[in-house]
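In our numbering, the protein residues as written are 1298 to 1365.
See below:
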């Protein structure tokens, strides 16, 4: 991967745990500008799950429907 992605955490407190475990998201994952990469903030060298932007948008829309 030529460039290091810019990982972002959600605003506000991430969790109720002391270690503030969060999901981090990057939209500039390597040369793949059409994907969204997701990782665990407490394991930055661990597994990265990659979604297409369409998959990510569908996930966010579905998750938002549960929060309403």
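Quick reminder that beta carbons are idealized off the backbone N, C-alpha and C, glycines included.
* Closest by CA to residue 1320, which one among 1300, 1338 and 1354? -> The sequence position of residue 1320 within the chain shown is 23, counting from 1. Ranking 1300, 1338 and 1354 by Cα distance to residue 1320 puts 1338 first.
* If you run the structure through DSSP and keep just helix, strand and coil, what is residue 1350? -> Walking along the chain shown from the start, residue 1350 turns up at place 53. The answer is helix: DSSP assigns residue 1350 an H, G or I state.
* Where residue 1298 falls, given that 16 or more other Cβ within 10 Å makes a residue buried -> For the purposes of this step, residue 1298 is taken as the residue at position 1 of the chain shown. With a pLDDT of 45 at residue 1298, under the threshold of 50, the predicted position of this residue should be treated as unreliable, though the coordinate-derived value follows. Per the 10 Å Cβ criterion, exposed.
* Which residues does DSSP pair with residue 1337 in a beta bridge? -> Reading the chain shown from its first residue, position 40 is the one you call residue 1337. Residue 1337 pairs with 1320.
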